[in-house]
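Single-structure report; data block below.
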Amino acid sequence: MEIVLVGLNFRTASIEVREKASFSGVQAQRAAEELKTRGILEETLVLSTCNRSEVYGVHPVANRESAAALSSFLSTFHEVLPDQLNPSLYHHYDHDAVRHLFRVSAGLESMLLGEAEILGQVRDAYLRAHENHVTGPVLNRLFQAALEIGKRVRAETELGTRPMGVASAGMKLAERIFGKLQERSALVLGAGTISEQVVSQLRDRRIKHLYLMNRSREKAEEFAKQYGGEVLNWGEWDTSLKFPDVIVSAVGVQDYLVTKPMVEKAMASRGNRALFLMDLAMPRNIDPAVAEIYNVYLYSMEDLTEIVKQNRDARQSEVPKAEVLVEDHVAKFISWQTSVELTGVLDSLRGNLKQRRAHFLAEKLAGMNHFSAEDRERIGEMMDELIEQLLLHPAERLRTEKELRRKIQNIEAIRDLYLSHREKP
Amino acid sequence: MTQMFVLLTVLAYLLSLCLYVSLLYAGKEIAGRLATVLMFLGLACHYLSLLARAKASHTVPYHDLQGSMSLFGWLLAVTYLCLEIYHRQRTVGAFVVPIILAFFCAAYLLPNHASQPSQVHGVVFALHVTLSILAYAGFALSCVLSVMFLGEERLLRIRKLGDVVWRLPSLELLERMSHTSVLVGLVTIGVGTVLGFVAVDRQAGQHWYFDPKYIVTVLVVVLYAVYFQLARTAVWRGARASLLCVFNFVLVVLSFTVVNLYFSPHHRYF
Numbered sequence: 001m002e003i004v005l006v007g008l009n010f011r012t013a014s015i016e017v018r019e020k021a022s023f024s025g026v027q028a029q030r031a032a033e034e035l036k037t038r039g040i041l042e043e044t045l046v047l048s049t050c051n052r053s054e055v056y057g058v059h060p061v062a063n064r065e066s067a068a069a070l071s072s073f074l075s076t077f078h079e080v081l082p083d084q085l086n087p088s089l090y091h092h093y094d095h096d097a098v099r100h101l102f103r104v105s106a107g108l109e110s111m112l113l114g115e116a117e118i119l120g121q122v123r124d125a126y127l128r129a130h131e132n133h134v135t136g137p138v139l140n141r142l143f144q145a146a147l148e149i150g151k152r153v154r155a156e157t158e159l160g161t162r163p164m165g166v167a168s169a170g171m172k173l174a175e176r177i178f179g180k181l182q183e184r185s186a187l188v189l190g191a192g193t194i195s196e197q198v199v200s201q202l203r204d205r206r207i208k209h210l211y212l213m214n215r216s217r218e219k220a221e222e223f224a225k226q227y228g229g230e231v232l233n234w235g236e237w238d239t240s241l242k243f244p245d246v247i248v249s250a251v252g253v254q255d256y257l258v259t260k261p262m263v264e265k266a267m268a269s270r271g272n273r274a275l276f277l278m279d280l281a282m283p284r285n286i287d288p289a290v291a292e293i294y295n296v297y298l299y300s301m302e303d304l305t306e307i308v309k310q311n312r313d314a315r316q317s318e319v320p321k322a323e324v325l326v327e328d329h330v331a332k333f334i335s336w337q338t339s340v341e342l343t344g345v346l347d348s349l350r351g352n353l354k355q356r357r358a359h360f361l362a363e364k365l366a367g368m369n370h371f372s373a374e375d376r377e378r379i380g381e382m383m384d385e386l387i388e389q390l391l392l393h394p395a396e397r398l399r400t401e402k403e404l405r406r407k408i409q410n411i412e413a414i415r416d417l418y419l420s421h422r423e424k425p
Numbered sequence: 426m427t428q429m430f431v432l433l434t435v436l437a438y439l440l441s442l443c444l445y446v447s448l449l450y451a452g453k454e455i456a457g458r459l460a461t462v463l464m465f466l467g468l469a470c471h472y473l474s475l476l477a478r479a480k481a482s483h484t485v486p487y488h489d490l491q492g493s494m495s496l497f498g499w500l501l502a503v504t505y506l507c508l509e510i511y512h513r514q515r516t517v518g519a520f521v522v523p524i525i526l527a528f529f530c531a532a533y534l535l536p537n538h539a540s541q542p543s544q545v546h547g548v549v550f551a552l553h554v555t556l557s558i559l560a561y562a563g564f565a566l567s568c569v570l571s572v573m574f575l576g577e578e579r580l581l582r583i584r585k586l587g588d589v590v591w592r593l594p595s596l597e598l599l600e601r602m603s604h605t606s607v608l609v610g611l612v613t614i615g616v617g618t619v620l621g622f623v624a625v626d627r628q629a630g631q632h633w634y635f636d637p638k639y640i641v642t643v644l645v646v647v648l649y650a651v652y653f654q655l656a657r658t659a660v661w662r663g664a665r666a667s668l669l670c671v672f673n674f675v676l677v678v679l680s681f682t683v684v685n686l687y688f689s690p691h692h693r694y695f
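So the sequences go chain by chain: Y and P.
Counting with my numbering, you get residues 1 to 425 for the letters of the first sequence.
Counting with my numbering, you get residues 426 to 695 for the letters of the second sequence.
Set out below in structure tokens:
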């Protein structure tokens, strides 16, 4: 038995190739079913996200040939010439395939190191494959372990905790001041790409009131239609600065839009409740002197970029910790896989020995007429007992000793040694 | 036996502190949960050591300075754990447990003073003392939370965010937690003071006698009530209110130490 993985990701394939090789939910199901019915794989699972398309499978014989068949299948399935697809594909077997999946699940193979979405995508892919009965005991165990390591890495390391984008870093800072933003209100100035990112972050945090303000009211209304929120008239600073707890500005203007006296006035009318301002424009929209006002927290694009850089470094420093956890789980999985395979090998060995015992006894006892039928039966029973004893002890040890299973690296060698005609367990 | 409880308490609190610090620096959630469990264990051992102390001295544990300090540490731990559970916030533990540990250790390391038996006894008196010390614990906790608020607020203002700031409670939560502890302190000190008058009245037959402790206690109550009110006003909300809270606690410490030891004949150790 071998676990095989064939796939491509953002590191190995261009976006054009990734687009061609991606699977929709229906396609993933169809591909998995075809792989099973054609006998290419015994168990199979397709994981397809915007940055990767991977097919995991279990082949009954460990002959390192299944990857080639799988690559050829992918070319045919996606109608892409092998010359175009093959250079982007990577193949992994057994340990390496397991390690790769665990790294994917942990976010170590993601474009945005440690991102959390991948764990949900792995979970969805597994649940879908499981429901369609294309997985079996090995892939079930493998993907359950992958989900476990994904959760563990996120719980025990800081790989996914720190914000990696300017907008999310700003929101995290706002949460340092206000806690959850569900009961807060925010004002977003501008309707460009940055504002879009900010609004998306605010919506994710279920902000209670969202106000939008833009020089072109039409554009602001379009924006509000798309994301929700109330549009305020441009320039009505006295009323618009009074209510929000978070103000984000990303407008392309040369002079300061929000000045110190304006914020002072707003703070007086809001009873000095804390105010968090994010200036994401260049040149800046908010006068830096605003930061001097009591209970006002002002962060510029430069400040937030620096925080993101620190976070990126911090996430990178967590990689070794996550890798240790991954290796731990790889060892555990391989140990389980070995125990399953060894049990199969021992069962085959038992059958083989019993068969040989029958031939052996028939041959040796042929000329020994002084043995009665009862004696022959008794001798047969004793030999059976001996075979059981010889096999029972190692089987029991394999069941209970993880370290022993770890030491047995090449199960195929044992199979070749004792089952020369390659009986499949 | 007492020795064993003392050692177990120190061990549990120390381990709990290490785990709280680990939660703060490494963000390990499991460390936080274990820290809480160990705090509960420490609390149980601390209680048993208080009990053993009371049995050994044939009196309540707060009749000497050491006993009062130990009881203060225990009540601080109780208040903190209640607050931790109520607000589901564990990172404060790294700042509170050192104080609990310091008071507990000091109670057993300080030289023993020959304690004078108190003239007042009974359940009402016991409640008066316990509630007063609980109030001090509440005020101590609010002071720790206010210091945390000031530190975090400062870091956010100067934009120097290290690893720890991301794991601290939000400023808003720190404020709320501080208000809760002050409220606990105000209610318990109020009830405790009234019970003190009742206890003295019952046993000494006196309604009133002059004791500087009364003045200081009234001052403490007034200042905390003022803090409670000012923290909601435009001018004081935020860092200024937290500073006032820290200042108020300085007065509590003075009341607990200088006033008790040198000015109040009836309030030696609480």
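Here a beta-carbon is modelled for each residue, glycine too, at the ideal position from N, C-alpha and C.
Close to chain Y, meaning a Cβ-Cβ distance shorter than 8 Å, is no residue of the segment 489–522 of chain P at all. By the Cβ rule, the segment 495–512 of chain P counts as touching the segment 460–478 of chain P, because three or more pairs are nearer than 8 Å. Beta-bridge annotation (DSSP): glutamate 401 of chain Y is not paired with any residue.
Between histidine 209 of chain Y and arginine 184 of chain Y, the alpha-carbon positions lie close to 7 Å from each other. Annotation: aspartate 328 of chain Y to threonine 338 of chain Y spans about 15 Å, alpha carbon to alpha carbon.
Among the residues facing chain Y, serine 606 of chain P is not included, as its CB has no counterpart in that chain under 7 Å away. In the assembly as shown, valine 17 of chain Y is a buried residue. Its beta-carbon has 16 or more other beta-carbons within 10 Å. Closest in alpha carbon position to lysine 20 of chain Y, among Y/Leu353, Y/Asp287, Y/Ser88, Y/Val231, is Y/Ser88.
Short of 8 Å from the beta carbon of isoleucine 149 of chain Y, and not among the five residues preceding or following it, lie these beta carbons of its own chain, in chain order: Phe102, Ser105, Ala106, Leu325, Val326, His329. Among the CB atoms of chain P, one or more fall inside 7 Å of the CB of isoleucine 177 of chain Y.
Between the alpha carbons of glutamate 363 of chain Y and alanine 67 of chain Y lies a gap of roughly 46 Å. For a cut-off of 8 Å, the C-beta gap from aspartate 287 of chain Y to lysine 260 of chain Y is around 5 Å, short enough to register as a contact.
Closer than 9 Å at the C-beta level to chain P, one finds these residues of the segment 260–274 of chain Y: Met267, Ala268, Arg270, Gly271, Asn272, Arg273, Ala274. Listed along chain Y is no residue with a C-beta nearer than 9 Å to that of aspartate 636 of chain P; the closest approach is about 40 Å. Within the DSSP bridge table, the entry for threonine 44 of chain Y names Y/Gly57 as partners.
When CB distances to chain P are screened at a threshold of 7 Å, not a single residue of the segment 84–96 of chain Y falls below it. Using a CB distance cut-off of 7 Å, aspartate 303 of chain Y counts as an interface residue toward chain P. Using a Cβ-Cβ cut-off of 7 Å, tyrosine 211 of chain Y does not count as an interface residue toward chain P, since no Cβ of chain P sits closer than that to its own. When the five nearest sequence neighbours on each side are left out, no beta carbon in the same chain lies closer than 7 Å to the beta carbon of tryptophan 591 of chain P. With 16 or more neighbouring CB atoms inside 10 Å of its own CB, proline 163 of chain Y falls in the buried class. Under the three-state reduction of DSSP, tyrosine 639 of chain P is assigned to helix. For phenylalanine 276 of chain Y, the uninterrupted beta strand (DSSP E) segment begins and ends at 275–279. Judged by pairs of C-beta atoms under 8 Å, the segment 262–274 of chain Y touches the segment 289–308 of chain Y, as three or more such pairs exist.
For the C-beta of asparagine 140 of chain Y, not a single chain P residue is nearer than 8 Å; the gap to the nearest is close to 27 Å. Pairwise C-beta distances place the segment 165–182 of chain Y in contact with the segment 572–586 of chain P, as three or more of them are shorter than 8 Å. For threonine 161 of chain Y, the chain P residues whose C-beta falls within less than 9 Å of its own C-beta are Gly452, Trp591, Arg592, listed in chain order. Not one beta carbon of chain Y lies nearer than 7 Å to the beta carbon of glycine 457 of chain P.
For glycine 621 of chain P, same chain residues with a beta-carbon under 7 Å away, outside a window of 5 residues either side, are His553 in chain order. Under the 7 Å criterion on CB atoms, glycine 663 of chain P is classed as interfacial with respect to chain Y. Per the C-alpha coordinates, the member of P/Ala456, P/Leu586, P/Val446 positioned closest to valine 521 of chain P is P/Val446.
Look at serine 603 of chain P: its C-beta is not under 7 Å from any C-beta on chain Y. Contact between the segment 591–600 of chain P and the segment 671–682 of chain P is absent, with fewer than three C-beta pairs closer than 8 Å. Within the segment 564–593 of chain P, the residues whose Cβ lies closer than 8 Å to some Cβ of chain Y are Glu577, Leu581, Arg582, Arg584, Leu586, Asp588, Val590, Trp591, Leu593, listed in chain order. A distance of 7 Å or more separates the beta carbons of valine 549 of chain P and valine 616 of chain P. In chain order, Asn272 make up the part of chain Y whose C-beta sits under 8 Å from the C-beta of valine 660 of chain P. Beta-bridge partners of alanine 186 of chain Y (DSSP): Y/Leu210, Y/Val246.
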